[in-house]
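2 protein chains.
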Amino acid sequence: MRSHSFGWALAGGALLVAALSAAVPSVPADEPIRPIEPAVVANPALVELGKQLFFDPRLSKSGFISCNSCHNLSLGGSDNLQTSIGHNWQRGPINSPTVLNSKLSVAQFWDGRAANLVEQAGGPIANPGEMAFTHQLAIDVLTSIPEYVDAFERVSGRREIDIEQVERAIAAFEETLVTPDSRFDHWLRGDVGALSTEELAGYGVFKESGCTMCHHGPAVGGTSFHKMGVKAPYVTDNPKQGRIEVTGDEFDRMRFKVPTLRNVELTYPYFHDGEAETLAEAVEVMARLQLGRELTTVENRQVVAFLRTLTGAQPSFDLPLLPPSSDRTPRPQPFQ
Amino acid sequence: MRSHSFGWALAGGALLVAALSAAVPSVPADEPIRPIEPAVVANPALVELGKQLFFDPRLSKSGFISCNSCHNLSLGGSDNLQTSIGHNWQRGPINSPTVLNSKLSVAQFWDGRAANLVEQAGGPIANPGEMAFTHQLAIDVLTSIPEYVDAFERVSGRREIDIEQVERAIAAFEETLVTPDSRFDHWLRGDVGALSTEELAGYGVFKESGCTMCHHGPAVGGTSFHKMGVKAPYVTDNPKQGRIEVTGDEFDRMRFKVPTLRNVELTYPYFHDGEAETLAEAVEVMARLQLGRELTTVENRQVVAFLRTLTGAQPSFDLPLLPPSSDRTPRPQPFQ
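Note that the protein sequences, when read in sequence, are chains R and G. Start counting the first sequence at 1; every next residue gets the next number (this note's numbering). Start counting the second sequence at 337; every next residue gets the next number (this note's numbering).
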């Protein structure tokens, strides 16, 4: 269009702007929450490989635990347990965060110890309390499976597999796990009928109370670290101390990554310790401890109604089929 | 076609038979293995509900184990472990049989203690070593989830859920888990190029050695109980004694349901105790203990090559999305 004559471009440009406005209305600039954009898949073969790896329990010592065990994509990308179950039924130290929209986070894990999804992906594989494997053993397993070797060659040009390639593939799949098209996003884009009066009132309370100080942006969170227990200490038996475990800085004690509120109706229970079982409880605690506000019963109900509008279209794909082990694949060791 | 005139119908009928023969050639009557027929879905809503239940870990005490945990449809409907992992990481007593083509079995479980898939489906839910729940608690969970109540109403006309409905839905889904279109079935239907010379030779050895005495029919097994260790005792540390545990009849000691060999390349390790890690090992042991034959290295390789032709089209469907729990859903108890 820009190569047309100046006079035509002006007129055509004006028409184009009008047409775009009708199809995808602009989001008011002063709204602290932004819409989720659909995934753009740049490398389908890499995403497909990452999906298989995400579902493959052979990346664990037991052969029983996959990424999807604790980030279950049938359950909003979480496991809906207070804290997760690891190798040998170990009780995990922290609530499993949803993998949905995790690419929008400033860092990964509650304490932000991984800078991005690639750095994160290898962590649970080698964590003795989670998948309890080693990166070398995981590579030995994958290298013994001809279909995996072929798949890695297709995406990297090499038949040698290393852990960086595994992490890159899993991260590429995870980057597709976004949830656009929530009712709230429809409203943001100008569909005034997308939300009920109660839901809109809840959004009003959410903004006026100050929730959006932390919960903003497309993921409605995930962009910063904040202290759990601002107006009053957060009382918990959970020993995790947050970002101080990464930085060693006393300032970071009990500072955790602000979780995304996208799909929050699916990702119960809440908080890093999974202590809040319901949205109503989580909203009450957050308002009181973080903002020093006692919401009325009506306000709480309104905020919960608003939060439920943040559930987007869940990633939809065929259950991946995994290539069989070969005779030389190291066998899982669930009971050793 | 049948409403046409008699004279035309005769001619047309002959043409039709010829056309059908070309499209779907008849299977020679003397072949002991029969093709797998595609699934016919009579009640899609019931199958869809059963699929959700099959993938739902909330049918277990822990909220972590679903039917798919041990009958993983990414892994040939099995878990590829020697014996399965149950609640609290208990070591299961027996190798998890594949759920694929299980509707073709004369009975369910290795010892046949369930007459059919409906009877089978509720077993693992209430087995303290598997999902460790109770039927009543499973019903309490489902009844607390509005989307499940709606789904059960759609298929039963009632908003009350009972365990028979749950079993019926899971079984309806499992009945769709057939694997037609294996290369062997293509050969059976007349595609002479579908098998290699080695694979055909393996089928010859398989038949001549007597394997088909037990492994026949569409599932290549599953239709009878036979003694494990005919020509010589089967030595194992596994305490399971087979069908005698159902009948109390000494004749049934060490008699197990003959497993299906469909998709056998995916369902390692082998035998009720999962002691045979490779197909080559399983073939060697079976020939020696059941038939009193020592296969040559070449014969063994041929039979293994034939067995790999029994891998059919795996069930393909979207990963099911599960409805969220409600505020009144009983919470999972993984560590109690």
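We put the CB at the ideal spot given by N, CA and C, even for glycine.
On the criterion of 16 or more Cβ atoms from any shown chain inside 10 Å, does A115(R) qualify as buried, or is it exposed? exposed
Which two residues bound the contiguous alpha helix (DSSP H) that contains H471(G)? H471 to T479
Going straight from the alpha carbon of I33(R) to that of T596(G), what length do you get? 55 Å
Give me the chain R residues within the contact set of T614(G), using Cβ-Cβ distance strictly less than 7 Å, ordered along the chain. Proximity of chain R to T614(G) at the Cβ level (cut-off 7 Å) is accounted for by D327, in chain order.
Whether or not the segment 200-211 of chain R and the segment 234-250 of chain R are in contact is what I'm after, with contact meaning three or more pairs of Cβ atoms, one per stretch, closer than 8 Å; do they touch? Flag = no, the segment 234-250 of chain R and the segment 200-211 of chain R do not touch.
For R664(G), does the count of other Cβ atoms within 10 angstroms reach 16, so buried, or fall short, so exposed? exposed
Applying a beta-carbon distance threshold of less than 7 Å, which residues of chain R neighbour W425(G)? N88 and W89
Output the distance between the C-alpha atoms of N43(R) and R154(R), rounded to the nearest integer angstrom. 11 Å
Interface partners of F400(G) on chain R, CB under 8 Å: Near F400(G) (Cβ distances below 8 Å), the residues of chain R are S69, D79, L81 and I85.
Report the start-end ranges of each beta strand (DSSP E) in the segment 590-622 of chain G that is 3 residues or longer and not cut off at the edges. Listed in chain order, they are 591-593.
For K563(G), report the span of its beta strand (DSSP E) as first-last. F561 to K563
Are the beta-carbon atoms belonging to H215(R) and N95(R) less than 7 Å from one another? No, they are not a contact pair.
Contact with chain R by Q297(G), beta-carbon distance below 7 Å: Since the first residue of chain G shown is 337 and the last is 672, residue 297(G) is not available in this structure.
Of all Cβ atoms in chain R, is any one closer than 7 Å to the Cβ of L671(G)? The sequence given here places Phe at residue 671(G); Leu does not occur at that position. With 7 Å as the cut-off, F671(G) counts as an interface residue toward chain R.
Endpoints, the alpha helix (DSSP H) within which H522(G) is located: Annotation: the continuous alpha helix (DSSP H) that includes H522(G) extends over R519 to L524.
So does the segment 501-515 of chain G actually touch the segment 610-620 of chain G, counting three or more Cβ pairs closer than 8 Å? no
Can you list, in chain order, the residues of its chain whose CB lies under 8 Å from that of F109(R), leaving out five sequence neighbours each side? P97, Q120, G123 and K257
Just the chain R side, please: which residues come within less than 8 Å of D654(G) by C-beta, in chain order? Chain R residues near D654(G): S316, F317, D318 and L319.
Just checking, does the segment 638-649 of chain G make contact with the segment 510-530 of chain G on the three C-beta pairs under 8 Å criterion? yes
Which of helix, strand or coil does DSSP assign to G558(G)? Of the three classes helix, strand and coil, the one that applies to G558(G) here is coil, per DSSP.
Does the contact criterion of 3 or more C-beta pairs under 8 Å hold for the segment 404-421 of chain G versus the segment 318-327 of chain R? Touching, per the Cβ criterion.
Bridge partner(s) assigned by DSSP for S414(G): Bridge partners of S414(G) according to DSSP: N408(G).
Nearest CA to the CA of I145(R): which residue from R331(R), F335(R) and Q336(R)? Of the candidates R331(R), F335(R) and Q336(R), the one whose C-alpha sits nearest the C-alpha of I145(R) is R331(R).
From A219(R) to L104(R), what distance separates their C-alpha atoms? 6 Å
Under 8 Å by beta carbon: chain R residues contacting R495(G): The premise fails here: R495(G) is roughly 22 Å from chain R at the closest Cβ pair, so nothing lies under 8 Å.
Taking the alpha carbon of K231(R) as the point to measure from, which residue in S196(R), Q290(R) and D237(R) has its own alpha carbon closest? Selected option, being the one with the closest Cα: Q290(R).
Nearest candidate by alpha-carbon position, reference G413(G), set P605(G), T633(G), G529(G) and S662(G): P605(G)
For I85(R), which residues does DSSP report across the bridge? R91(R)
Starting from G202(R), trace the alpha helix (DSSP H) in both directions and tell me its first and last residue. T197 to S209
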